[in-house]
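Engineer: According to numbering that gives the first Met the number 0, the residues represented by the sequence shown are 0 to 171, in order.
Pasting a structure below so you can have a look.
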Amino acid sequence: MTIAEPAAVHAPASASPTPIDTDAPAPQPTEEADAPTKAPDAEVETGSLDDPIDLSTGLVVELESVSSTTVEAATPGEVSGSAVVVRVIARNDSRKAADLDSAVVTLTAADGEYGVGTTAGPNKPLAGELEPGSSATGSYVFMLDRAANRAVTVSVNYSAGQPVAEFSGKTD
């Protein structure tokens, strides 16, 4: 019986690292970037606080009320003070369900001051699937110094990538 000699194993030549030129300028982005640099502009439908807005998707958004109030902090992190309560009604006049779980409502005063969303007060956001022919109501609370009789804009985006309903007028 003959014992075979082991085959010679040759390790591959080790690669030398390429030196880095620390004086080279940083690459500059080109106009033909591979990825988008900002989100596409959303379609915005505008109206007054008192009028419903029919979005192109078949969803109708209206504001039941935009009223000033004073909220009291009930849990850690909440703040007491002047606030605006926005009650939103969404009605689905389309033929397919609309997802409201990612609905975003914002409030901005005419002078540019942002209403700061809070969980204090009657806060109950829109949520769930809104079936065709159904409606849902949500309540949003925004801290806003001097909330009464103030010119505001309320934006309602019921789902990412969908049209935005933008309402303008004065709080109660």
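Ideal Cβ placement from N, Cα and C applies to all residues, glycine included.
Predicted model, so just to flag it, every value in this text is computed and none were measured.
Would you mind working out which of 20, 159, 25 and 21 sits nearest residue 97, comparing C-alpha positions?
Structural biologist: Residue 159 is the option with its Cα nearest to residue 97.
Engineer: Our contact map puts residue 153 next to residue 106 with C-beta atoms below 8 Å; I'd like the distance itself, whole angstroms only.
Structural biologist: The Cβ separation is near 5 Å, so the contact holds.
Engineer: How about residue 82 and residue 143: are their beta carbons less than 8 Å apart?
Structural biologist: Yes, they are a contact pair.
Engineer: Does the pairing of the region 70 to 87 with the region 107 to 118 give three or more beta-carbon distances under 8 Å?
Structural biologist: With the cut-off at 8 Å, the region 70 to 87 and the region 107 to 118 touch.
Engineer: What does the alpha-carbon distance come out to for the pair residue 122 and residue 138?
Structural biologist: So the alpha carbons of these two residues sit roughly 5 Å apart.
Engineer: Around the Cβ of residue 60, are there at least 16 other Cβ atoms within 10 angstroms (buried) or fewer (exposed)?
Structural biologist: With 16 or more Cβ atoms within 10 Å of its Cβ, residue 60 is classed as buried.
Engineer: If residue 166 sits next to residue 62, beta carbons under 8 Å apart, how far is it from one beta carbon to the other, in whole angstroms?
Structural biologist: Confirmed, about 6 Å.
Engineer: Are the Cβ atoms of residue 44 and residue 164 separated by less than 8 Å?
Structural biologist: For residue 44 and residue 164, yes; Cβs fall inside 8 Å.
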